[in-house]
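Only one structure is covered here, and it is reproduced in the block below.
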Amino acid sequence: MKDFLDTADLSPNLVTELLDSAERFLPLTTVPEATRTRWQGKHLVTLFSEASTRTRTSFELAAKRLGLKVVNIVVGMSSLAKGETLRDTILTLDAMQPDVVVVRHAVAGVPHFMARFSRAHVINAGDGEHEHPTQALLDAFTLRRHFGRLAGLQIAILGDIRHSRVARSNVRLLAMMGAHVRLGGPRTLRAPGIEQFAAGWPGTVCVADTLRAAIADADAVMVLRIQQERLDGAFFPSLGEYFTHFGLTRERLAWAKPEAIVLHPGPINREVEIASDVADGVQSVIQTQVTHGVAVRMALLEWLLSQ
Amino acid sequence: MKDFLDTADLSPNLVTELLDSAERFLPLTTVPEATRTRWQGKHLVTLFSEASTRTRTSFELAAKRLGLKVVNIVVGMSSLAKGETLRDTILTLDAMQPDVVVVRHAVAGVPHFMARFSRAHVINAGDGEHEHPTQALLDAFTLRRHFGRLAGLQIAILGDIRHSRVARSNVRLLAMMGAHVRLGGPRTLRAPGIEQFAAGWPGTVCVADTLRAAIADADAVMVLRIQQERLDGAFFPSLGEYFTHFGLTRERLAWAKPEAIVLHPGPINREVEIASDVADGVQSVIQTQVTHGVAVRMALLEWLLSQ
Amino acid sequence: MKDFLDTADLSPNLVTELLDSAERFLPLTTVPEATRTRWQGKHLVTLFSEASTRTRTSFELAAKRLGLKVVNIVVGMSSLAKGETLRDTILTLDAMQPDVVVVRHAVAGVPHFMARFSRAHVINAGDGEHEHPTQALLDAFTLRRHFGRLAGLQIAILGDIRHSRVARSNVRLLAMMGAHVRLGGPRTLRAPGIEQFAAGWPGTVCVADTLRAAIADADAVMVLRIQQERLDGAFFPSLGEYFTHFGLTRERLAWAKPEAIVLHPGPINREVEIASDVADGVQSVIQTQVTHGVAVRMALLEWLLSQ
């Protein structure tokens with residue numbers, strides 16, 4: 280596999296291999312000299328069309344910890360602004376022969392399009408409302424590290440499922456690894472057909488009728504970010520309304536197993552989709568997810584470069 | 280020569296030396312460890328006032344492939360915004376003692392001004408409508424690699440000669456190396472006096488009366504980018520009009536030698552100065568130019584640092 | 280000491296140790312290979328909310344000269360724009376486990392807040408109108424290199440004392456090291472209570488009644504930058520008025536000792552707070568300060584990483 284674009288391309292064996300490999304990079308500060316020098320001649324380009332410092336920084340630190348050289352390109356500032364087509368931007372970048380390109384784009388499918396034209400390894404760092412596969416990988420890593428396994432876990436995913444690339448990638452990856460996902464949130468923000476993502480995999484996906492049914496006895500509750508730009512009245516009335524009906528509060532978290540953990544891809548909207556005391560509480564692993572994101576991306580980079 | 284500012288400063292011997300040296304860097308992915316470690320203690324700053332990801336990325340990758348550390352400065356974001364004079368910006372940057380500064384600026388002469396005040400090696404990465412000497416170097420490299428020589432080649436350069444730094448740099452360099460240049464395009468976009476650039480060199484430059492006269496029997500056709508901001512009616516009526524009268528189509532390319540190649544400095548405007556099927560056709564070496572740009576810039580950096 | 284936030288945390292011994300250490304890094308171009316490889320596994324993040332290329336570049340070059348890897352984050356482009364709280368940004372960044380974070384922020388206290396939540400070494404690169412401790416360190420380094428000592432020097436600091444973090448940091452550091460500071464400038468821009476900064480230290484601070492009293496027989500005159508956004512009539516009438524009454528001209532500089540030197544933190548406003556012939560004159564050490572800034576920051580980074 281030349282590229283890392285989509286959870287649909289993964290297999291349980293590959294996911295296990297990547298998660299096992301990521302263990303070697305914790306704690307982050309202990310990468311051996313030999314690993315770092317091994318990749319010193321390799322070059323990674325980040326190509327981000329959306330301002331997303333969080334994910335870009337995670338990839339940049341992962342790459343630099345392995346010794347790769349990194350060049351950052353913000354697409355808004357590039358020749359695209361001069362009217363160049365996306366295909367030409369991609370061909371031009373490819374002609375400079377970087378080894379890896381990490382792409383985030385507001386339009387779904389751009390990383391796949393890039394992968395087709397590029398000799399570099401292309402990593403999808405989030406494409407529109409489609410997929411964010413490294414986020415799913417780091418979430419799986421966080422769950423597996425905490426519970427020692429993924430198979431049989433009950434995972435609630437709450438929020439705007441319809442527009443969430445994080446939800447799409449997680450549903451597929453978790454079902455593949457034998458976990459059971461229940462989706463909760465406003466009816467207007469459901470994603471018809473998402474149950475199909477589990478077809479053929481040991482895990483299951485279901486849409487819960489109520490928030491309580493989604494959370495009940497869950498091992499983990501994953502809260503999605505509410506994109507405030509969606510709050511135009513089309514999907515739900517207001518931020519306050521959302522929190523009242525769907526925000527993860529301590530009371531609602533108590534429906535889950537007592538030892539349940541809380542995940543969020545960040546950045547969080549406090550008192551919108553999650554209460555501050557839950558985000559900062561002992562059950563929250565939100566900061567741990569960020570650390571794991573670097574380790575998982577290091578494992579992915581090593582794996583792609585070793586192909 | 281401390282700096283690389285202007286094709287007028289070059290000699291045929293130096294051009295040959297740089298082009299020979301660039302051969303060692305192809306394919307780009309094979310820079311030997313020894314080369315990379317040799318330059319590890321050196322620092323390059325890119326100082327770009329215009330958004331030009333393409334050229335900046337090419338220099339950044341070239342420098343990093345040689346092991347140099349790179350710091351990027353976008354002038355619009357810098358102290359210039361606080362009212363600092365250009366001279367003070369330059370003196371400040373120089374006081375931090377980088378080894379190389381790569382400058383792009385909308386005002387002609389800024390790199391020369393910088394070179395005067397700076398102990399660093401200064402490279403002109405494009406100054407206003409004046410010069411873009413590394414572009415001319417990579418074009419010459421592409422032509423020489425393809426034809427095995429530069430002397431005696433017939434090169435058509437088409438488009439907005441008047442405002443093009445690429446045209447200026449290419450005319451001088453090609454004439455110096457013994458190639459013959461014919462300039463074609465709208466009468467309103469000719470550059471009076473450009474023939475003087477060939478004075479004293481074995482090559483020649485002429486302004487063709489018609490597009491056909493420029494292209495006829497050419498070994499290579501170099502198409503310049505139309506700056507869409509010029510399309511205000513002052514120079515020619517519209518994009519569509521331009522393509523109709525001056526765009527490089529397959530029909531017009533057929534006027535050249537059958538084995539002629541097509542160059543473009545990028546980014547291209549499809550169906551403005553060049554037809555898509557020509558840009559993507561078998562005669563096009565546009566992507567190859569980009570690859571060569573990195574190699575040529577590596578050769579230039581090594582040469583400056585070895586002074 | 281995990282962090283470098285405030286001149287109030289320093290001691291004369293530590294200042295002397297840092298300044299001694301910085302001597303090893305001059306000239307900047309001679310960092311031994313052993314130093315550079317020692318820090319190759321360390322990662323520094325710059326987190327700047329204000330456009331300040333000068334200071335960011337200085338830190339970036341200092342870090343790279345030591346072999347650290349650098350990731351730049353512009354806060355305006357980050358998740359803060361998506362409504363993330365500052366604390367969450369900090370926690371997220373900390374979870375990626377950089378070794379050093381260099382922070383500049385328009386709000387006083389942000390670096391201190393960050394240091395509290397972060398395991399990384401945090402360096403204050405300027406927080407609002409509060410402190411800019413590495414500037415004070417490089418000014419002290421410049422003075423000590425020139426005069427061979429700090430104790431007993433008479434230093435005039437001129438300009439907008441009230442809003443200047445540079446003044447605050449310098450007053451404290453200079454008094455700590457036994458230098459005597461006289462503050463001059465418009466009455467409306469004095470900083471009531473700043474004399475307290477010298478309490479307990481061998482040096483003294485006084486507010487001079489007139490510009491002449493501040494400059495008279497000084498060993499060094501440090502001119503502060505006038506923030507043009509303050510020139511709204513609230514503090515003084517106009518730029519021209521300011522220069523007439525408070526600008527450092529050759530005539531006024533003649534009040535100081537003949538061998539006095541002139542400092543400025545940059546970027547300078549010519550003919551506002553300083554005359555061009557003074558800024559460019561033989562007594563000016565403004566460019567030297569910039570060079571020293573890199574050396575001092577290298578010393579600071581080494582010291583923090585060696586803790």
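Residue numbers (the numbering used here), protein chains in the order written: chain A, 280 to 586; chain B, 280 to 586; chain C, 280 to 586. The beta-carbon is built from N, C-alpha and C at its ideal position, and this holds for glycine as well. All of these numbers come straight from a predicted model, not from anything done at the bench.
Problem set entry | chain C contact for GLY320/A (CB, 8 angstroms cutoff) | no
Problem set entry | Bridge partners - GLU410/B, DSSP secondary structure assignment | ASP406/B
Exercise. What is the rounded straight-line gap between the Cα of MET356/C and the Cα of SER331/A?
Worked result: In this prediction, MET356/C scores a pLDDT of 47, lower than 50, which makes its location untrustworthy; no coordinate-derived value is stated.
Exercise. Taking any Cβ of chain B, which residues in the segment 331-344 of chain C have a Cβ under 8 angstroms from it, in chain order?
Worked result: SER331, THR332, ARG333, THR336, SER337, GLU339, LEU340, LYS343 and ARG344
Problem set entry | Top-ranked residue by Cα proximity to VAL486/C, from HIS459/C, PHE522/C, HIS384/C and ARG504/C | HIS459/C
Problem set entry | Three-way DSSP call (helix, strand, coil) for ARG383/B in this model | strand
Exercise. Mind listing which residues of the segment 535-548 of chain B have their C-beta closer than 8 angstroms to chain A's C-betas, in chain order?
Worked result: GLY545, PRO546, ILE547 and ASN548
For this session: Check whether the segment 426-442 of chain A touches the segment 390-404 of chain A, counting contact only when three or more Cβ pairs, one atom from each stretch, lie closer than 8 angstroms.
Result: no
For this session: Spell out a yes or no on whether the segment 553-568 of chain C and the segment 296-309 of chain C are touching, meaning 3 or more CB-CB pairs, one atom from each, closer than 8 angstroms.
Result: no
Problem set entry | Contact belief for ALA399/A with VAL569/B at Cβ below 8 angstroms, rounded distance in angstroms | Wrong, their Cβ atoms sit about 14 angstroms apart, outside the cutoff.
Exercise. Below 8 angstroms, can you find three or more Cβ-Cβ pairs linking the segment 332-339 of chain C to the segment 386-395 of chain C?
Worked result: no
Problem set entry | Cβ-based contacts, 9 angstroms cut-off: residues of the segment 359-385 of chain B near chain A | none
Exercise. To the nearest whole angstrom, what separates the beta carbons of ILE494/B and GLY463/B, a pair I think is in contact under 8 angstroms?
Worked result: 7 angstroms
Exercise. Taking the continuous alpha helix (DSSP H) assigned at ARG461/B, which residues delimit it?
Worked result: Element bounds for ARG461/B: not the alpha helix (DSSP H) but the beta strand (DSSP E), 459-463.
For this session: Note the first and the last residue of the continuous beta strand (DSSP E) segment covering ALA435/B.
Result: 433-437
Exercise. How should VAL350/B be labelled, buried or exposed, when 16 other C-beta atoms within 10 angstroms of its C-beta is the threshold for buried?
Worked result: buried
Exercise. Which partner residues of VAL502/C appear in the DSSP bridge assignment?
Worked result: LEU437/C
Exercise. Taking Cβ positions only, does MET356/A come closer than 8 angstroms to chain C?
Worked result: For MET356/A, the predicted model reports a pLDDT of 47, less than 50, meaning its position is unreliable; a value from the coordinates is still stated below. Taking Cβ atoms only, chain C never reaches closer than 8 angstroms to MET356/A, which makes this a no.
Exercise. Any idea if MET280/A is buried or exposed, counting beta-carbon neighbours within 10 angstroms, 16 or more meaning buried?
Worked result: exposed
Problem set entry | Rounded C-alpha distance that separates ALA415/C from ARG317/C | 27 angstroms
Exercise. So what does DSSP say about ARG549/B, is it helix, strand or coil?
Worked result: strand
For this session: Scan the segment 393-414 of chain B for residues whose Cβ lies nearer than 9 angstroms to a Cβ of chain A and list them as they occur along the chain.
Result: none
For this session: Please state whether DSSP places VAL400/B in a helix, a strand or coil.
Result: Residue 400/B is actually His in this sequence, not Val. Reduced to three states, the DSSP call for HIS400/B is strand.
Exercise. So ALA435/A packs on VAL484/A, CB below 8 angstroms; how close in whole Å?
Worked result: About 12 angstroms; that fails the 8 angstroms criterion.
Problem set entry | Cβ-based burial, PRO471/A [other Cβ within 10 Å; buried from 16] | exposed
Problem set entry | Nearest neighbour of ASP288/C, chosen from LEU347/C, ARG451/C, ARG383/C and ILE369/C [CA to CA] | ARG451/C
Exercise. Should ALA446/A and LEU518/A be called a contact, given that it needs their Cβ atoms to be closer than 8 angstroms?
Worked result: no
Exercise. Count the other CB atoms within 10 Å of the CB of GLY320/A; is the residue buried (16 or more) or exposed (fewer)?
Worked result: buried
Exercise. Using a Cβ-Cβ distance under 8 angstroms, would ILE473/B count as near chain C?
Worked result: no
Problem set entry | Contact with chain C by THR314/A, beta-carbon distance below 8 angstroms | no
Exercise. Should LEU298/A be flagged as near chain C, meaning a C-beta pair shorter than 8 angstroms?
Worked result: no
Problem set entry | Proximity of ASP378/A and HIS322/A at Cβ, strictly below 8 angstroms | yes
Problem set entry | Host beta strand (DSSP E) of VAL354/B (start-end) | Per DSSP, VAL354/B belongs to no beta strand (DSSP E) and is neither H nor E.
Exercise. In this structure, what does DSSP give as the bridge partners for VAL541/A?
Worked result: VAL500/A and SER563/A
For this session: Given a cut-off of 8 angstroms, decide if LEU527/B and GLU550/B are closer than it, judged by their beta-carbon atoms.
Result: no
Exercise. Just how far apart, CA to CA, sit MET501/B and ASP439/B?
Worked result: 12 angstroms
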